[in-house]
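Visitor: In order, the protein sequence lines correspond to chains A and B. Sequential numbering from 1 applies to the first sequence in UniProt numbering. Sequential numbering from 1 applies to the second sequence in UniProt numbering. Beta carbons: idealized from backbone N, C-alpha and C, even for Gly. Owing to the predicted nature of the structure, the values given are computational and were not obtained by experimental measurement.
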Amino acid sequence: MHDSVKVYPAKPSRVYLYVTCLVDSFSPDTGFDAIALLEREGVAVDVVQGQTCCGQPAYNSGYRAEARKVAEAQMALFPEPWPIVILSGSCGGMMRKHYAELMPENVDVPAFSQRVYEFSEFLLHVLNVRLQDQGEATEITLHTSCAGRREMGIHEAGLALLAQLSRVTPIAHDYQSECCGFGGTFAVKHADISRAMAEDKTLHIAATGVQEFVSTDWGCMLNLNTTFEYQKASLRGRHLASFLAERTGLKRSSD
Amino acid sequence: MQQQPQLFKDASQHALADATLRTNFRGAMDFLRNKRERVLDDAEFSSLSAQCEAIKQRCLSQLPALLEQLETRCQANGIQVHWAETPAQANEIIAAIADGCNATSAVKGKSMVTEEIGLNDYLGARGVECLESDMGEFIVQMAHEPPSHIIMPAIHKSAAQIARLFHEQLEGVDYTEDVDTLIGIGRSVLRGKFRHAHVGISGVNFAVAETGTLCLVENEGNGRMCTTVPPVHIAVTGIEKVVQWLQDVPPLLSLLTRSATGQPITTYFNMISGPRRPGEKDGPEQVHLVLLDNGRSNAFADEQLRKTLQCIRCGACMNHCPVYTRIGGHAYGTTYPGPIGKIISPHLLGLDATRDLPTASSLCGACEEVCPVRIPIPQLLQRLRAEYRSDEEGVMSGAGGGRSILEAGVWAGWAWACEHPGVYRLLTWIAGRMRSLVPWLPSAWKNGRTMPVPAARSFHHRYQQRKSRP
Chain A
1 MHDSVKVYPA KPSRVYLYVT CLVDSFSPDT GFDAIALLER EGVAVDVVQG QTCCGQPAYN
61 SGYRAEARKV AEAQMALFPE PWPIVILSGS CGGMMRKHYA ELMPENVDVP AFSQRVYEFS
121 EFLLHVLNVR LQDQGEATEI TLHTSCAGRR EMGIHEAGLA LLAQLSRVTP IAHDYQSECC
181 GFGGTFAVKH ADISRAMAED KTLHIAATGV QEFVSTDWGC MLNLNTTFEY QKASLRGRHL
241 ASFLAERTGL KRSSD
Chain B
1 MQQQPQLFKD ASQHALADAT LRTNFRGAMD FLRNKRERVL DDAEFSSLSA QCEAIKQRCL
61 SQLPALLEQL ETRCQANGIQ VHWAETPAQA NEIIAAIADG CNATSAVKGK SMVTEEIGLN
121 DYLGARGVEC LESDMGEFIV QMAHEPPSHI IMPAIHKSAA QIARLFHEQL EGVDYTEDVD
181 TLIGIGRSVL RGKFRHAHVG ISGVNFAVAE TGTLCLVENE GNGRMCTTVP PVHIAVTGIE
241 KVVQWLQDVP PLLSLLTRSA TGQPITTYFN MISGPRRPGE KDGPEQVHLV LLDNGRSNAF
301 ADEQLRKTLQ CIRCGACMNH CPVYTRIGGH AYGTTYPGPI GKIISPHLLG LDATRDLPTA
361 SSLCGACEEV CPVRIPIPQL LQRLRAEYRS DEEGVMSGAG GGRSILEAGV WAGWAWACEH
421 PGVYRLLTWI AGRMRSLVPW LPSAWKNGRT MPVPAARSFH HRYQQRKSRP
């Protein structure tokens, strides 16, 4: 559980963006939308080409030596003291909380972990964004990821950003704090239990009557969107960054 | 009851297919969660759980000394103390005590540790009928089932299922779903048993080393009956239940009842400090305390795993666990189900038998969030996964038993690719090209979900192109 009060720094002029392996492979647009939002706030964005994965899959599967190797390789990619903004509470939790457990002997970890921010948290608390809504009136529900909620303590940030949009009504769904059932390899090793959790979550999201939902974690989104698709339901989720970029008039970046 | 965590996968599938069971659990867990929320605000919970964590850690840090002190003080109070390393030894000790008073019947208060050692079956086979007197336990015993929750053993059953059970199992009982009537029937059966039982058996919630006092928390008064009416009382407990001082009890008790059932306090709180003294009108003539290890000292030996023993058995972790809520307690095949069961059962039964339990968690952290003694359950699950997969840490029984060359090779390859961005990019590029062909995930995923399809071109690929554009 997150147990320390995070002290946020002043707005920096430059940040590293960690797009995460799932955004890289499954939703490249999310990465470009996040860059657009950060740049609009006057922040230069550095995407290091060497970044691959934070190491969480191996760590959660019990392969610590492998996770450690990957974690060390990632840490070496961010030599400048800029904040590292991550498009996932889950990878953020890995870097902010679990790197220290994984590498207790590595003296560089605490300073590195302190520089890690989840994207919505960074927009809200470091950049202090003021979003101007330019879209039509709509309703939306937010799926907060468990890692974002319980490891990073940032689940309120997404809601606070949505609340800045004048014509967007956030609708809470039942069992909002309950897990969607992804959990990385859990969804494969115990696919049936995971599926039952995902089905319940899609039921509760659909029950709100919204046309779209958002999340700040692509892991949860893969789980929920493929469940909706299997059910032949039209409801889909996308990353909060894409929703915010569209609502605030940033043209969706493509090539 | 035989414990079969090896069958977890089959048992959980079976449970998922049972719509009634799932509805029963969802309703019951919602009820318990809401009740807890009404009696515990965040600020009070935060300060009190910090205090309780500190108490349990202090007591565990001096566990051997406190157990010796407990033994000395109990003996001074006239309580006979017995040590059992294994379930078999505990059963033998209890059976010998029963034999010593020619017992043929025993009444039992709710005690998970006696489930852990399989006491009912053991005594039953030796001609001592052991009747459960907690209403929930009474019901599951009648149904020949183990408890499916550590606080509410029969929570998986609906009123209609219980009504049918009473009607079929008890002579002359008409079918009724009226809860008060059912409880009245159960009570009248139990009353006669309390009066005539030779032995009363109970668990222990807190054993106070300072004074040699055994504390017992309960709601129905059956615990008090079991520990005062029969001439012999046998209390059974795991060694981790010892606390140092009497003053350690109130904060723990206060969080125990509120975390468990959302009650500010239970109806009964028994403090047992010895057998009947000369001139006293009631109480047993003998009181025995059986202290059970059963793998606990292995957990104690490792500083991180020791946190498992902080547990005060409130059940809040299972009430809030999305996995437990879906599959119920029986699927685990262990005495202690849910999140706490996943971290304690490997110590009791070995990592091999319990290999599927630590992985059956999405690590969502709900259990840790509500734990009144702040056990870092997700962290311990990850530790157990590592213990079973690798020979790196290896302090538990069965450590390294799950190491497969194939799986280890896959992760080594994955790590190698992640350390070499060029290789990693090539792999994501291939995945993007072949996205409709690659069988990404096992079929288990696809039953209920479609295949996640990678983008034709990855973010990094597009980013690179964008940068190289003039």
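Kindly indicate if chain A contains any beta-carbon less than 8 Å away from that of B/Trp-445.
Guide: Translated into the one-based positions of the second sequence, residue 445 of chain B becomes position 445. Yes, contact with chain A.
Visitor: If we define contact as Cβ-Cβ less than 8 Å, is B/Cys-59 a contact residue for chain A?
Guide: Within the second sequence, the letter at position 59 stands for residue 59 of chain B. With 8 Å as the cut-off, B/Cys-59 does not count as an interface residue toward chain A.
Visitor: For the beta strand (DSSP E) containing A/Val-15, name the first residue and the last one.
Guide: Here residue 15 of chain A refers to the residue found at position 15 when the first sequence is read from its first residue. Start and end: 14 to 18.
Visitor: Quick one: which residues of the segment 106 to 129 of chain A get their C-beta closer than 9 Å to a C-beta of chain B? List them in chain order.
Guide: Listed by position, the residues of the segment 106 to 129 of chain A near chain B (Cβ gap below 9 Å) amount to none.
Visitor: Would you mind listing the alpha helix (DSSP H) stretches within the segment 192 to 276 of chain B that are 4+ residues and don't spill past its ends, in chain order?
Guide: Segments of the alpha helix (DSSP H) lying fully in the segment 192 to 276 of chain B: 222 to 228 and 249 to 261.
Visitor: Compute the Euclidean distance between the alpha carbons of A/Ala-160 and A/Lys-232, then round it to the nearest angstrom.
Guide: One-based indexing of the first sequence puts residue 160 of chain A at position 160. One-based indexing of the first sequence puts residue 232 of chain A at position 232. Cα to Cα, the separation comes out at about 32 Å.
Visitor: Let me check understanding here. Comparing Cα to Cα, which of B/Ser-273, B/Arg-296, B/Leu-292 and B/Glu-387 lies closest to B/Gln-286?
Guide: Counted from its first residue, the second sequence places residue 286 of chain B at position 286. Minimum Cα distance to B/Gln-286 is reached at B/Ser-273.
Visitor: Can you find the residues in the same chain that come closer than 7 Å, C-beta to C-beta, to B/Ile-155, ignoring five residues on each side of it along the sequence?
Guide: Here residue 155 of chain B refers to the residue found at position 155 of the second sequence. These residues qualify, in order along the chain: Ala-28, Ser-148 and His-149.
Visitor: Provide the residue span of the beta strand (DSSP E) that contains B/Leu-131, from first to last.
Guide: The sequence position of residue 131 of chain B within the second sequence is 131, counting from 1. Segment 129 to 132, the beta strand (DSSP E) holding B/Leu-131.
Visitor: Express the C-alpha separation of B/Lys-35 and B/Pro-231 in angstroms, rounding to a whole number.
Guide: Locating residue 231 of chain B in the second sequence gives position 231, counting from the first residue. Locating residue 35 of chain B in the second sequence gives position 35, counting from the first residue. Taking the straight line joining both Cα atoms gives about 38 Å.
Visitor: Is the shortest distance between the beta-carbon of A/Lys-6 and the beta-carbons of chain B less than 8 Å?
Guide: Counting from one through the first sequence, the residue named residue 6 of chain A turns up at place 6. For A/Lys-6, not one C-beta of chain B is nearer than 8 Å to its own C-beta.
Visitor: Please report the residue range of the beta strand (DSSP E) in which B/Val-173 lies.
Guide: Taking the second sequence and counting its residues from 1, the one referred to as residue 173 of chain B is at position 173. First-last for B/Val-173: undefined, no H or E at that position.
Visitor: Of the choices B/His-347, B/Gly-212 and B/Met-142, whose alpha-carbon is the least far from that of B/Asp-293?
Guide: Against the second sequence, residue 293 of chain B aligns to sequence position 293. Minimum Cα distance to B/Asp-293 is reached at B/His-347.
Visitor: Can you list, in chain order, the residues of the segment 336 to 351 of chain B whose Cβ is nearer than 9 Å to any Cβ on chain A?
Guide: none
Visitor: Quick one: list the residues of chain A neighbouring B/Thr-334, beta-carbon separation under 7 Å, in chain order.
Guide: The residue labelled residue 334 of chain B in the question sits at position 334 within the second sequence. Near B/Thr-334 there are no residues of chain A at all, since even the closest Cβ is about 16 Å away, more than 7 Å.
Visitor: Against chain A, with Cβ distances strictly below 8 Å, would B/Trp-414 count as a contact?
Guide: Here the question's residue 414 of chain B lines up with position 414 in the second sequence. Yes, B/Trp-414 counts as interfacial toward chain A.
Visitor: Can you tell me where the alpha helix (DSSP H) with B/Asp-99 in it begins and where it stops?
Guide: By one-based count along the second sequence, residue 99 of chain B stands at place 99. That run of the alpha helix (DSSP H) goes 87 to 100.
Visitor: Please confirm whether B/Met-1 has its beta-carbon closer than 8 Å to some beta-carbon of chain A.
Guide: Position 1 of the second sequence holds residue 1 of chain B. For B/Met-1, the pLDDT reaches just 47, beneath the cut-off of 50, and the residue's location in the model is therefore unreliable, although a value from the coordinates is still provided. Taking Cβ atoms only, chain A never reaches closer than 8 Å to B/Met-1, which makes this a no.
Visitor: By Cβ distance, which residues of its chain are closer than 6 Å to B/Met-1, with the 5 residues on each side in sequence left out?
Guide: By one-based count along the second sequence, residue 1 of chain B stands at place 1. Unreliable positioning characterises B/Met-1 in this predicted model, as indicated by a pLDDT of 47, which lies under 50. The coordinate reading is nonetheless provided below. Excluding sequence neighbours, B/Met-1 sits near Pro-146.
Visitor: Which of helix, strand or coil does DSSP assign to A/Phe-122?
Guide: Residue numbering aside, residue 122 of chain A sits at position 122 when the first sequence is read from its first letter. A/Phe-122: helix per DSSP, three-state reduction.
Visitor: What residues in the segment 186 to 219 of chain A bring their beta carbon closer than 9 Å to a beta carbon of chain B?
Guide: Phe-186, Ala-187, Val-188, Lys-189, His-190, Ala-191, Asp-192, Ile-193, Ser-194, Arg-195, Ala-196, Met-197, Ala-198, Glu-199 and Asp-200
Visitor: Taking a cut of 7 Å between CB atoms, which residues from the segment 410 to 434 of chain B lie near chain A?
Guide: Trp-411, Ala-412, Trp-414, Ala-415, Cys-418, Glu-419, Pro-421, Tyr-424, Thr-428 and Ala-431
Visitor: What residues from chain B crowd round A/Lys-69, counting only those whose CB sits closer than 7 Å?
Guide: Here residue 69 of chain A refers to the residue found at position 69 when the first sequence is read from its first residue. Within chain B, the residues near A/Lys-69 are Ala-415 and Glu-419.
Visitor: With burial defined as no fewer than 16 other Cβ atoms inside 10 Å of the residue's Cβ, what is the status of A/Gln-134: buried or exposed?
Guide: Taking the first sequence and counting its residues from 1, the one referred to as residue 134 of chain A is at position 134. Exposed, since its Cβ has fewer than 16 Cβ neighbours within 10 Å.
Visitor: With respect to the alpha helix (DSSP H) encompassing A/Asp-46, which residues constitute its N-terminal and C-terminal limits?
Guide: If you number the first sequence from 1, residue 46 of chain A lands on position 46. Not the alpha helix (DSSP H): A/Asp-46 falls in the beta strand (DSSP E), residues 44 to 46.
Visitor: Short of 8 Å in beta carbon distance, which residues of its chain neighbour B/Met-112, apart from the five on each side in sequence? Order them along the chain.
Guide: Here the question's residue 112 of chain B lines up with position 112 in the second sequence. Closer than 8 Å at Cβ, skipping near neighbours: Pro-147, Ile-150, Gly-203, Arg-313, Thr-335 and Tyr-336.
Visitor: If the cut is a Cβ gap below 8 Å, which residues of chain A does residue 473 of chain B touch?
Guide: Nothing in the structure corresponds to residue 473 of chain B, since chain B is present only between 1 and 470.
Visitor: By Cβ distance, which residues of its chain are closer than 7 Å to A/Ser-113, with the 5 residues on each side in sequence left out?
Guide: Locating residue 113 of chain A in the first sequence gives position 113, where the first residue counts as 1. Met-95, Arg-96, Tyr-99 and Ala-100, listed in sequence order.
Visitor: Taking the C-alpha atoms as reference points, what is the distance between B/Met-434 and A/Asn-106?
Guide: The sequence position of residue 434 of chain B within the second sequence is 434, counting from 1. The sequence position of residue 106 of chain A within the first sequence is 106, counting from 1. Those two C-alpha atoms are separated by around 39 Å.
Visitor: Does any C-beta atom of chain A lie closer than 8 Å to the C-beta of B/Thr-228?
Guide: Start at 1 with the first residue of the second sequence, and residue 228 of chain B comes out as number 228. So no, B/Thr-228 is outside the interface.
Visitor: Look up B/Ala-15 in the DSSP assignment and say whether it is helix, strand or coil.
Guide: For the purposes of this step, residue 15 of chain B is taken as the residue at position 15 of the second sequence. Reduced to three states, the DSSP call for B/Ala-15 is helix.
Visitor: Taking buried to mean at least 16 other C-beta atoms within 10 Å of its own C-beta, is A/Val-19 buried or exposed?
Guide: Taking the first sequence and counting its residues from 1, the one referred to as residue 19 of chain A is at position 19. Label assigned to A/Val-19: buried.
Visitor: Which of the three DSSP states, helix, strand or coil, is assigned to A/Phe-228?
Guide: As a first step, residue 228 of chain A must be located in the first sequence, where it is residue number 228. Of the three classes helix, strand and coil, the one that applies to A/Phe-228 here is helix, per DSSP.
Visitor: Here's the rule: buried if 16 or more other CB atoms are within 10 angstroms of the residue's CB, otherwise exposed. What is B/Ile-79?
Guide: Here residue 79 of chain B refers to the residue found at position 79 of the second sequence. Classification for B/Ile-79: buried.
Visitor: Got a sec, what are the start and stop residues for the alpha helix (DSSP H) B/Lys-467 sits in?
Guide: Residue 467 of chain B sits at position 467 when you count from the first residue of the second sequence. Taken as a continuous stretch (DSSP letters only), the alpha helix (DSSP H) holding B/Lys-467 covers 459 to 468.
Visitor: Would you say B/Ala-415 and B/Val-370 are within 8 Å of each other, going by their C-beta atoms?
Guide: Position 415 of the second sequence holds residue 415 of chain B. Position 370 of the second sequence holds residue 370 of chain B. For B/Ala-415 and B/Val-370, no; Cβs fall outside 8 Å.
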